[in-house]
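>
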Amino acid sequence: MGRRLTFEIFRYNPSESGTPPRIQAFDLEETPGMNIFVALTRIRERQDPSLKFDFVCRTALCGSCGMVINGRPRLACKTFTRDLPCRITLFPLPVFKLLGDLSVDTGAWFRRLSLRTGAWLHTSRAFEFRVPEERMDNATTFRIYEAERCIECGCCIAACAKVHIQPDFIGAAGINRLARFMLDPRDERGEARFFEVLGTENGIFGCLGLMGCEDNCPKDLPLQLQLAYVRRMMARAGLAGNGSRGDGPGRG
Ligand code: SF4
Ligand code: SF4
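Numbering-wise (the numbering used here), the sequence shown opens with residue 48 and increments by one.
(1) Could you spell out where the alpha helix (DSSP H) holding Thr247 opens and where it closes?
(2) Helix, strand or coil for Glu235? Go by DSSP, reduced to three states.
(3) Tell me the start and end of each unbroken alpha helix (DSSP H) in the segment 99–156 that is at least 4 residues and wholly inside, in chain order.
(4) Quick one: what's got a C-beta closer than 7 Å to Arg129's C-beta in the same chain, skipping five residues either side?
(5) Any idea if Tyr192 is buried or exposed, counting beta-carbon neighbours within 10 angstroms, 16 or more meaning buried?
(6) Is the segment 115–126 touching the segment 159–172, taking contact as three or more C-beta pairs under 8 Å?
(7) Apart from the five residues just before and just after Arg91, which ones in its own chain have a Cβ nearer than 6 Å to its Cβ?
(8) Is Gly299 helix, strand or coil when you go by DSSP?
(9) Give the list of continuous beta strand (DSSP E) stretches no shorter than 3 residues that lie fully inside the segment 49–74.
(10) Exposed or buried, Thr106, counting other C-beta atoms within 10 Å across all chains shown (16 or more means buried)?
(11) Taking Ile30 as the reference, which of Arg58, Lys125, Cys133, Glu243 has the closest Cα?
(12) Short check: CB of Arg224 to CB of Thr164, under 8 Å?
(13) Compute the distance between the beta-carbons of Leu140 and Gly201, then report whether it is under 8 Å.
(14) Are Asn263 and Phe216 closer than 8 Å when you measure CB to CB?
(15) Is any non-hydrogen atom of ligand 3 found closer than 7 Å to the C-beta of Gly221, if you look at the structure I gave you?
(16) Suppose you measure from the CA of Asn82 to the CA of Thr126; what does that come to, to the nearest Å?
(17) Using only the heavy atoms of ligand 2, determine whether one of them is closer than 7 Å to the beta carbon of Pro265.
(18) Sort out for me which residues DSSP pairs Asn185 with in a bridge.
(19) For Ala287, which three-state DSSP category applies?
(20) Is it true that the segment 218–233 meets the segment 269–289, where meeting means three or more beta-carbon pairs spaced less than 8 Å apart?
(21) Taking the straight line between their C-alpha atoms, what separation do you get for Leu52 and Phe100?
(22) What residues are listed by DSSP as bridge partners for Asn82?
(23) Using 7 Å as the cut-off, classify the Cβ of Gly288 as near or not near the heavy atoms of ligand 1, replying yes or no.
(24) Comparing C-alpha positions only, which one of Gly113, Arg283, Asp184, Gln94 sits nearest to Phe102?
(25) Any heavy atom of ligand 2 inside 7 Å of the beta-carbon of Gly237?
(26) Below 7 Å, is the gap between the Cβ of Glu199 and the nearest heavy atom of ligand 2?
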């Protein structure tokens, strides 16, 4: 017999006017290797088919199953019940638009972020498919790869006190996203253009530096490193009248 677990789950359907938000409790027997995704699927299959939550890959790669588990933003598929007490509380990630119960719309938020940051390679060079790929030094490639590992789960945004009090604050995911392009020697945007997005109170200068983002990133991204890099670059751009170009591969 496994432990008897009690899940206290936030329930609310914004499209059903007149039904206030509530907490609903479900009891479930723990089975070996159970994670929160498995538990929720079991509850939905056996107790309440109306329970809403998101998942796609179940292997911590798609970023869909972020939720607040016992007070901390985590991925449901990567959080095992064996690491939690018998009473488990589940809430949707704050900040993002609530679709119902534990399901939120992170996609719209990250799409806005992509447009706001111009999250694509800005180059005047035409694409030429016959030309072999250019080589990049290993150190730069590694730093870009580290930034690219973000799965857009939203846990760092939900954990960021600054986003809660200043909704236009770009958040660690946004700063990390632009760091990826600042590091890329193929991106022709200069510091002045990065400064337009990041050199403000809604950008890097609004960051409180308490690292709730890094503490709650399920992919262990080096957010502290990225934030420090961007802060250094943008401070330099600000002091230089924010007009100078970056200093090449592995800048900073
Ligand atoms: S360090 Fe900055 S980005 Fe990270 S949680 Fe704190 S305010 Fe947000
Ligand atoms: S930086 Fe980490 S916590 Fe933030 S969205 Fe990316 S993977 Fe999720």
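We put the CB at the ideal spot given by N, CA and C, even for glycine.
Working from what's here:
(1) In the sequence shown, the residue the question calls residue 247 occupies position 200. Element bounds for Thr247: n/a, residue is neither H nor E.
(2) Taking the sequence shown and counting its residues from 1, the one referred to as residue 235 is at position 188. In the structure shown, Glu235 sits in coil (DSSP, three-state: anything other than H, G, I, E or B).
(3) none
(4) Numbered from 1 along the sequence shown, position 82 holds the residue referred to as residue 129. Cβ within range, chain order: n/a, list empty.
(5) By one-based count along the sequence shown, residue 192 stands at place 145. Tyr192 is exposed by the Cβ-count criterion.
(6) no
(7) As a working mapping, residue 91 is identified with position 44 in the sequence shown. Within the same chain, Arg91 has close Cβ partners Leu98.
(8) In the sequence shown, counting from the first residue as 1, residue 299 sits at position 252. Because Gly299 carries a pLDDT of 46, less than 50, the predicted location of this residue cannot be relied on, and the following value inherits that uncertainty. Three-state DSSP puts Gly299 in coil, outside helix and strand.
(9) 51–58
(10) Along the sequence shown, one-based indexing puts residue 106 at 59. Exposed: under 16 other Cβ atoms inside 10 Å.
(11) Absent from the model: residue 30. The displayed extent of the chain is 48 to 299, so no value can be given.
(12) Taking the first residue of the sequence shown as position 1, residue 224 is located at position 177. Taking the first residue of the sequence shown as position 1, residue 164 is located at position 117. Yes, these two residues count as a Cβ contact at 8 Å.
(13) On the sequence shown, position 93 is the one that residue 140 refers to. On the sequence shown, position 154 is the one that residue 201 refers to. The answer is yes: Cβ separation under 8 Å.
(14) Taking the sequence shown and counting its residues from 1, the one referred to as residue 263 is at position 216. Taking the sequence shown and counting its residues from 1, the one referred to as residue 216 is at position 169. Going by C-beta atoms, Asn263 is not nearer than 8 Å to Phe216.
(15) As far as ligands go, the structure on display features ligand 1 and ligand 2 and does not contain ligand 3.
(16) Position 35 of the sequence shown, counted from the start, is the residue given in the question as residue 82. Position 79 of the sequence shown, counted from the start, is the residue given in the question as residue 126. Whole-angstrom Cα-Cα distance: 5 Å.
(17) Taking the sequence shown and counting its residues from 1, the one referred to as residue 265 is at position 218. Result yes, Cβ under 7 Å from ligand 2.
(18) Taking the first residue of the sequence shown as 1, we reach residue 185 at position 138. Answer is none; Asn185 lacks a bridge partner.
(19) The residue labelled residue 287 in the question sits at position 240 within the sequence shown. The answer is coil: DSSP assigns Ala287 none of H, G, I, E or B.
(20) yes
(21) Locating residue 52 in the sequence shown gives position 5, where the first residue counts as 1. Locating residue 100 in the sequence shown gives position 53, where the first residue counts as 1. If you take the alpha carbons of Leu52 and Phe100, they lie about 19 Å apart.
(22) For the purposes of this step, residue 82 is identified with residue 35 of the sequence shown, where counting begins at 1. Beta-bridge pairing links Asn82 to Phe127.
(23) Along the sequence shown, read from residue 1 onward, the residue named residue 288 stands at position 241. Checking the Cβ of Gly288 against ligand 1 gives no.
(24) To locate residue 102, count along the sequence shown from 1; it is residue 55. Residue Gly113 is the option with its Cα nearest to Phe102.
(25) By one-based count along the sequence shown, residue 237 stands at place 190. No, Cβ of Gly237 sits at least 7 Å from all heavy atoms of ligand 2.
(26) Position 152 of the sequence shown, counted from the first residue, corresponds to residue 199. Yes, the Cβ of Glu199 comes within 7 Å of a heavy atom of ligand 2.
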